[in-house]
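What follows is a short report on a single structure.
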Amino acid sequence: MTNRVALAFSGGLDTTVCVPLLEEEYGYDEVIGVTVDVGQPEAEFEEAAETAAALDLEHHVVDAKAAFAEACLDAVKANATYQGYPLGTALARPIIAKAILEVAEAEGCDALAHGCTGKGNDQLRFEAVWRGTDKEVIAPVRELGLTREWEIEYADDRDLPVEGGNEGDWSIDTNLWSRSVEGADLEDPSYVPPEGIYEWTEKPGEETTLVEIEFDEGLPVAVDGEALEPVELIELLNEIGGAHGVGRTDMMEDRMLGLKVRENYEHPAATILLVAHEGLEQLVLTAEERRFKSTIDDEWAQKGYEGLVFHPLMDALNAFVDATQERVTGTVTVKLEGGQARAVGRESASAVYSEAAASFDTESVGDIAQDDATGVAKYHGFQARLANTVAADEEEDEANDESEPLVTDGGED
Ligand code: ARG
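Per this note's numbering, the very first residue in the sequence shown carries number 41; after that it's consecutive.
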């Protein structure tokens, strides 16, 4: 019987060297390369196809853009960012892993392989989906302790079809939701990146634009009055936001294994949608809902970062998020200016807002008059005042104890 292994294949250096290694070092008869489309640029598919052809590799391309776009919009409902990063790579990995597993099952593969190193997050995200299936999981780069230098030499020796690497030798990961640039000179946290690392975003200029986002139960459904499917909606906002330099993040990121890494991201659509969504929640959710939801949102982002989107906790978090989103329907106007996106207008039929109540120009609201607040004001801070009074009394007692001579000092007995 032939042994077959399905490899997550991009046509880059790591996954290219994995092809002969899976045969030679792991004894597989056949390797199948799987490239999953989560919105990478066209050139990446061309590179994958060309490299696969040169390697004589059976190559499958799976379109998972729609599923990925949905996952991104679920993240918007949870206002999800990890330390400021809107999770593009993180949310894509479980979808890629699942698509590869499906190909492996259809093609009768016994094993699944990826080209991730032992230092990053992606190995954990892939394997979280793959382990627990009946397939063997193989990570040649990690298991054989490969370095980039070794891979380049190996590829050279065997005449493997690898290109010189990315521009500036940065490691780049692009999908619908974000473009990440890391490595090489960017590894020095003090190094100020040149404009050249950016591809999606223009250098922010003087120009200002308003963009109107319509939400239905927490999901963005239209831009400037035009109804759009998730993929198109995200693509359009990447363009509009990118033209205004919106959505650049330069950060130190705490990876799952504890290593800090310097990351640069571009994510115009994510920034606009997150700003708009939060702007709408400010209008339609109660203060208590918003405060509690922010802890749920943080946990959602953490699990999203870890790639544990199938965790039962995630189902529970999603149930809460969805319950809160029933009223998150309305329209938000976002201003794009100087590389920033700000919510500058919002309207909703579910607004928890009374202009009459909040206005400086009215005296009473229904049967509540302004001076009804006097009683509330008297009680406000009651416990804090009491606690401080008790503490002050104790201090005074102690001070008195120290200054007064002890009674026994009188030498009376
Ligand atoms: N640090 C990010 C994450 O773990 C993105 C990594 C992207 N990879 C890359 N080679 N640029 O989600």
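For glycine and all other residues, C-beta sits at the position ideal for the given N, C-alpha and C.
Treat the numbers as computed from the prediction; the structure is a model and nothing was measured.
Contact test: Thr157 Cβ vs ligand 1 heavy atom, cutoff 7 Å: Locating residue 157 in the sequence shown gives position 117, where the first residue counts as 1. For ligand 1, not one heavy atom lies less than 7 Å from the Cβ of Thr157.
Beta carbon of Glu395 nearer than 8 Å to that of Glu257: Residue numbering aside, residue 395 sits at position 355 when the sequence shown is read from its first letter. Residue numbering aside, residue 257 sits at position 217 when the sequence shown is read from its first letter. Against a cut-off of 8 Å, the Cβ pair of Glu257 and Glu395 comes out as no contact.
First through last residue of the alpha helix (DSSP H) which encompasses Lys300: Position 260 of the sequence shown, counted from the first residue, corresponds to residue 300. Not the alpha helix (DSSP H): Lys300 falls in the beta strand (DSSP E), residues 300-306.
Neighbourhood of ligand 1 [Cβ distance below 5 Å to any heavy atom], ordered by chain position: Thr129, Ala130, Asn161, Ser211, Asp213, Ser220, Glu222
Residues near Pro233 in its chain [Cβ-Cβ closer than 7 Å; skip 5 each side]: Along the sequence shown, one-based indexing puts residue 233 at 193. Excluding sequence neighbours, Pro233 sits near Leu226, Asp290, Asn304.
6 Å Cβ shell around Leu152 - same chain, five flanking residues per side excluded: As a first step, residue 152 must be located in the sequence shown, where it is residue number 112. Closer than 6 Å at Cβ, skipping near neighbours: Ala46, Ala144, Trp170, Lys175, Val177.
Segment contact flag, the segment 276-286 with the segment 342-360, C-beta cutoff 8 Å, min 3 pairs: no
DSSP three-state assignment for Ala115, whether helix, strand or coil: Counting from one through the sequence shown, the residue named residue 115 turns up at place 75. The answer is helix: DSSP assigns Ala115 an H, G or I state.
Beta-carbon gap between Trp190 and Arg219 smaller than 8 Å: Stepping through the sequence shown from its first residue, residue 190 is reached at position 150. Stepping through the sequence shown from its first residue, residue 219 is reached at position 179. No; because the gap between Cβ atoms is not below 8 Å, this pair is not in contact.
6 Å CB neighbourhood of Ala381 in its chain, flanking five on each side removed: The residue you call residue 381 lines up with position 341 of the sequence shown. Once the five neighbours on either side are set aside, the close Cβ partners of Ala381 are Val286, Thr311, Ile312, Val315, Val374.
Through-space distance from Ala88 to Val102, alpha-carbon basis: Working through the sequence shown from its first residue, we reach residue 102 at position 62. Working through the sequence shown from its first residue, we reach residue 88 at position 48. Rounded to the nearest angstrom, the two C-alpha atoms are 13 Å apart.
Enclosing alpha helix (DSSP H) for Glu84 [first to last residue]: Reading the sequence shown from its first residue, position 44 is the one you call residue 84. Run containing Glu84: 82-95, per the alpha helix (DSSP H) assignment.
Arg198, DSSP secondary structure in three states: As a first step, residue 198 is located in the sequence shown; it is residue number 158 there, counting from the start. Here Arg198 sits in coil by DSSP.
Residue burial classification, Gln410 (beta-carbon count within 10 angstroms, cutoff 16): Numbered from its first residue, the sequence shown carries residue 410 at position 370. Exposed.
At least 3 beta-carbon pairs within less than 8 Å: the segment 101-117 vs the segment 244-251: no
Contact check, Pro229 vs Arg302, beta carbons under 8 Å: The residue labelled residue 229 in the question sits at position 189 within the sequence shown. The residue labelled residue 302 in the question sits at position 262 within the sequence shown. Yes, Cβ-Cβ distance for Pro229 and Arg302 is below 8 Å.
Where Ser404 falls, given that 16 or more other Cβ within 10 Å makes a residue buried: Within the sequence shown, residue 404 is the residue found at index 364, counting from 1. Label assigned to Ser404: exposed.
Nearest neighbour of Glu318, chosen from Val384, His307, Glu222, Val74 [CA to CA]: The sequence position of residue 318 within the sequence shown is 278, counting from 1. Looking at the Cα atoms, Val384 is the closest of the given residues.
Residues that Gln123 bridges to, as DSSP identifies them: Reading the sequence shown from its first residue, position 83 is the one you call residue 123. BP columns for Gln123 are empty, so no partner.
Pro60 (DSSP reduced to helix, strand or coil): Residue numbering aside, residue 60 sits at position 20 when the sequence shown is read from its first letter. Pro60: helix per DSSP, three-state reduction.
Given Ser390 as reference, the closest of Ala94, Ala106, Gln322, Glu84 once Cα atoms are compared: Residue 390 sits at position 350 when you count from the first residue of the sequence shown. Comparing Cα-Cα distances from Ser390 to each of Ala94, Ala106, Gln322, Glu84, the minimum goes to Gln322.
Nearest to Asp77 (by Cα), restricted to the options Pro244, Gly67, Ile140: Position 37 of the sequence shown, counting from 1, holds the residue named residue 77. Nearest of Pro244, Gly67, Ile140 to Asp77, Cα basis: Ile140.
Between the CA atoms of Asp54 and Arg188 - distance to the nearest angstrom: Counted from its first residue, the sequence shown places residue 188 at position 148. Counted from its first residue, the sequence shown places residue 54 at position 14. The straight-line gap from Cα to Cα measures roughly 8 Å.
Whole-number beta carbon distance between Ala48 and His154, since they are thought to touch under 8 Å: The residue labelled residue 154 in the question sits at position 114 within the sequence shown. The residue labelled residue 48 in the question sits at position 8 within the sequence shown. Confirmed, about 4 Å.
Per-residue burial, Glu207 [other beta carbons within 10 Å of its own, 16 or more giving buried]: In the sequence shown, counting from the first residue as 1, residue 207 sits at position 167. Note that Glu207 scores a pLDDT of 47, beneath 50, so its modelled location is shaky and nothing firm can be said.
Separation of Glu183 from Glu275, as counted between CA atoms: If you number the sequence shown from 1, residue 275 lands on position 235. If you number the sequence shown from 1, residue 183 lands on position 143. Roughly 38 Å separates the two Cα atoms.
8 Å Cβ shell around Gly124 - same chain, five flanking residues per side excluded: As a working note, residue 124 is residue 84 in the sequence shown. Result list for Gly124: Thr289, Met291, in chain order.
Spatial neighbours of Lys105 in its chain, beta-carbon cut-off 7 Å, leaving aside the 5 residues before and after: As a first step, residue 105 is located in the sequence shown; it is residue number 65 there, counting from the start. Counting only Cβ-Cβ distances below 7 Å, and skipping sequence neighbours, we find Asp77, Val78, Gly79, Leu216, Val271.
In DSSP terms, what Pro260 is bridged to: The residue given as residue 260 occupies position 220 in the sequence shown. Phe255.
Proximity to Gly67 [Cα-Cα], best of Glu86, Ala92, Pro180: Position 27 of the sequence shown holds residue 67. That would be Pro180, whose Cα lies nearest to the Cα of Gly67.
Start and end residues, alpha helix (DSSP H) containing Met292: The sequence position of residue 292 within the sequence shown is 252, counting from 1. Note, Met292: premise wrong, no alpha helix (DSSP H); beta strand (DSSP E) at 288-294.
Option nearest Arg133 by Cα separation, candidates Phe350, Thr56, Glu328, Lys243: Residue 133 sits at position 93 when you count from the first residue of the sequence shown. Answer by Cα proximity: Phe350.
Cβ-based neighbour list, Gln163, same chain, cut-off 8 Å, excluding 5 preceding and 5 following: Your numbering for residue 163 matches position 123 in the sequence shown. His154, Cys156, Thr157, Ala179, Arg182.
In chain order, each beta strand (DSSP E) run of at least 3 residues that lies wholly inside the segment 155-188: 176-178
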